[in-house]
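Working notes, structure below.
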Amino acid sequence: MAVSGGEGPTVVLVGRPNVGKSTLFNKITGTRRSIVAPVAGTTRDVIDQPADWRGRAFTVVDTGGMFGATTDPLHDLVVEQGRKAITAADVLVFVVDGREGLVPADEEIARALREAGAPVVLAVNKTDDRRSRHGAAEFYRFGFDPVVEIAAEHGTGVGDLLDEILKFFPVEFSRLTAGEEQKEDTGKSEPTSVSVAIVGRPNAGKSSLLNRLLNEERVMVSDLPGTTRDAIDVELTWHGKRFVLVDTAGIRKAGKVHKGGQVENVAVVIAKRAIARADVVVLVIDASQGAADQDGAIAGEAERTGSSIVIVANKWDLMKGRGPEFVKQFDEQLRRELKFLDYAPVLHVSAMTGERASKVLETVDRVAQARTRRVSTGELNRFIKRITEAHPPVAPGTRGEVRVMYAVQADTAPPTFVLFTNQATKFHFSYERFIVNQLREAFGFEGTPIRVQVRKSE
Ligand code: GDP
Ligand code: GDP
Numbered sequence: 000m001a002v003s004g005g006e007g008p009t010v011v012l013v014g015r016p017n018v019g020k021s022t023l024f025n026k027i028t029g030t031r032r033s034i035v036a037p038v039a040g041t042t043r044d045v046i047d048q049p050a051d052w053r054g055r056a057f058t059v060v061d062t063g064g065m066f067g068a069t070t071d072p073l074h075d076l077v078v079e080q081g082r083k084a085i086t087a088a089d090v091l092v093f094v095v096d097g098r099e100g101l102v103p104a105d106e107e108i109a110r111a112l113r114e115a116g117a118p119v120v121l122a123v124n125k126t127d128d129r130r131s132r133h134g135a136a137e138f139y140r141f142g143f144d145p146v147v148e149i150a151a152e153h154g155t156g157v158g159d160l161l162d163e164i165l166k167f168f169p170v171e172f173s174r175l176t177a178g179e180e181q182k183e184d185t186g187k188s189e190p191t192s193v194s195v196a197i198v199g200r201p202n203a204g205k206s207s208l209l210n211r212l213l214n215e216e217r218v219m220v221s222d223l224p225g226t227t228r229d230a231i232d233v234e235l236t237w238h239g240k241r242f243v244l245v246d247t248a249g250i251r252k253a254g255k256v257h258k259g260g261q262v263e264n265v266a267v268v269i270a271k272r273a274i275a276r277a278d279v280v281v282l283v284i285d286a287s288q289g290a291a292d293q294d295g296a297i298a299g300e301a302e303r304t305g306s307s308i309v310i311v312a313n314k315w316d317l318m319k320g321r322g323p324e325f326v327k328q329f330d331e332q333l334r335r336e337l338k339f340l341d342y343a344p345v346l347h348v349s350a351m352t353g354e355r356a357s358k359v360l361e362t363v364d365r366v367a368q369a370r371t372r373r374v375s376t377g378e379l380n381r382f383i384k385r386i387t388e389a390h391p392p393v394a395p396g397t398r399g400e401v402r403v404m405y406a407v408q409a410d411t412a413p414p415t416f417v418l419f420t421n422q423a424t425k426f427h428f429s430y431e432r433f434i435v436n437q438l439r440e441a442f443g444f445e446g447t448p449i450r451v452q453v454r455k456s457e
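Going by numbering that gives the first Met the number 0, the residue at position 324 of the sequence shown is 323; the numbering climbs one at a time, nothing skipped.
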């Protein structure tokens with residue numbers, strides 16, 4: 000019954016009695032060792048058990064009834080063991096009951112976990128039950144990040160929960176392949192590879208750019224077997240970073256067909272398919288022609304799916320010698336034509352001569368990192384307080400003052416922020432845009448769309 004130093008990182012489940020810790024423990028470990036006790040306050044020992052997920056071994060600890068009120072003489076012992084487990088945790092999983100909602104005892108546990116120092120993943124359980132319709136919303140108040148909705152009994156969401164837990168595991172150095180950067184563990188794992196879609200109109204120079212990238216110095220290329228011959232992905236490594244160029248067969252094919260209405264449509268279909276799979280979209284435009292409606296449609300699609308965008312103004316060799324004023328005007332016009340894309344970097348490139356082509360991967364890498372950036376809850380709330388006090392929310396159709404009580408970054412890639420307000424409301428379009436612009440200015444987020452959601456604070 001003692002908590003042994005099991006294999007790998009230690010994941011500790013904490014929560015009130017009856018929230019579903021043992022059910023979750025059993026799901027994760029695939030055992031029935033932990034006893035599911037339907038009676039609140041039943042003392043259960045602290046137990047541990049090995050588990051693995053996506054090839055990583057770890058140890059799960061269930062802190063049992065440590066937070067239950069009981070007169071059981073064994074309770075002190077359980078509490079003591081639980082404390083030790085929490086102190087030793089690599090990742091803490093705070094299990095709460097979505098059906099019952101937030102109760103005062105949860106606040107007490109939240110405080111203890113904040114002090115523990117290890118990263119906390121909040122698991123809102125029993126979301127299969129109709130009564131938990133409000134889901135995770137009210138638990139965001141704790142400021143733990145991420146929040147995952149699960150139904151342990153049915154296994155729903157448990158895989159997502161484990162994925163989130165895994166992100167906090169220390170990097171396994173033995174797994175890093177040669178050439179990959181030996182990054183210090185920052186507590187967050189980087190995505191293993193960045194998927195990139197090269198899109199644009201026929202003849203913009205996509206295939207030329209693709210070939211340029213594949214032949215660049217320091218780039219190592221390997222074809223990934225595609226599911227169909229039409230969708231061959233190419234993986235390349237550059238400065239120890241991995242990129243997967245998606246659907247390159249589509250590029251080559253569309254590059255060969257000629258102009259005309261029918262073909263343009265095919266190109267859009269191919270672009271959409273690639274965008275759906277991409278972290279970063281490289282929109283190639285023929286600089287001598289400027290952006291067309293179709294480029295706007297492609298850009299809009301990337302915005303909709305939450306992909307980041309880098310604009311490549313290709314064939315820049317044809318535009319040379321026109322002076323810096325021209326470059327400025329060119330960029331301004333391009334941004335006007337692609338209305339949504341004020342946040343996307345523009346590169347002036349010649350796929351033919353290779354000029355500035357090396358900037359493409361460099362920028363894709365930078366933009367890929369920006370989209371996974373997390374703003375700490377403390378920093379975010381100081382920022383939100385400052386700007387919403389200086390510029391109170393504009394929300395049509397609401398009575399009385401709309402105040403933002405607190406905010407969380409609910410997700411990355413694309414960065415997603417939830418603002419909790421004192422009353423149910425929707426921000427005016429222009430106010431939402433104001434918030435997005437302020438977030439971008441304060442925290443970077445180059446090249447990525449930013450999502451803002453508004454919810455009533457319970
Ligand atoms: P613990 O005291 O935190 O370890 O909680 P248990 O795992 O013993 O679960 C308490 C009760 O909640 C049991 O009756 C479980 O069947 C039930 N329960 C656990 N997970 C779920 C779930 O995902 N959905 C529903 N509806 N009930 C659950
Ligand atoms: P795709 O249809 O978008 O794949 O375009 P291609 O890569 O097939 O290029 C279309 C045409 O533009 C070809 O004739 C290329 O030689 C030409 N082209 C591509 N990149 C450049 C460039 O940087 N400068 C110039 N002048 N021509 C280019």
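We treat Cβ as the ideally placed atom computed from N, Cα and C, and that holds for glycine.
- The shortest C-alpha to C-alpha distance from GLU336 to any of TRP315, GLY154, ASP294 is the one to ASP294.
- Sixteen is the threshold: when 16 or more other Cβ atoms of the shown chains lie within 10 Å of the Cβ of MET65, as they do, the residue is buried.
- Judged by beta-carbon spacing, ARG454 lies within the 9 Å limit of ALA136, meaning their Cβ atoms are closer than that value.
- Assigned with DSSP and collapsed to three states, GLU302 falls in helix.
- Taking the Cβ of ARG140 as the reference point, every heavy atom of ligand 1 lies at 8 Å or farther away.
- Rounded to whole angstroms, the separation of the alpha carbons of ASP410 and VAL374 is 10 Å.
- Here PHE382 has ALA441 as same chain residues with Cβ atoms under 6 Å from its own Cβ, once five neighbours each way along the sequence are excluded.
- The Cβ atoms of ASP44 and HIS238 lie no closer than 9 Å to each other.
- Annotation: the continuous beta strand (DSSP E) that includes ASP51 extends over 46-52.
- If you draw a straight line from the Cα of ARG211 to the Cα of GLU361, it comes to about 14 Å.
- By the Cβ test, the region 340-353 is in contact with the region 304-315, since at least three Cβ pairs between them sit closer than 8 Å.
- Ligand 1 has a heavy atom closer than 8 Å to the beta-carbon of ARG98.
- The C-beta distance from GLY7 to THR58 rounds to 6 Å, short enough to meet the 8 Å contact threshold.
- Per the DSSP secondary-structure output, HIS347 pairs in a beta bridge with ALA312.
- Shown here, ASN210 sits in a helix according to DSSP, grouped into three states.
- C-alpha of PRO49 to C-alpha of VAL195: approximately 37 Å in a straight line.
- Taking one beta carbon from each stretch, the region 85-103 and the region 9-24 have 3 or more pairs nearer than 8 Å; the two touch.
- The three-state secondary structure of ALA286, taken from DSSP, is coil.
- ARG15 sits buried, since 16 or more C-beta atoms from the chains shown fall within 10 Å of its C-beta.
- The C-beta of PRO392 has 16 or more other C-beta atoms within 10 Å across all chains shown, which makes the residue buried.
- For LYS125, the three-state secondary structure derived from DSSP is coil.
- Our two residues, MET219 and GLN368, have alpha carbons roughly 21 Å apart in a direct line.
- ALA270 has its Cβ no nearer than 8 Å to any heavy atom of ligand 2.
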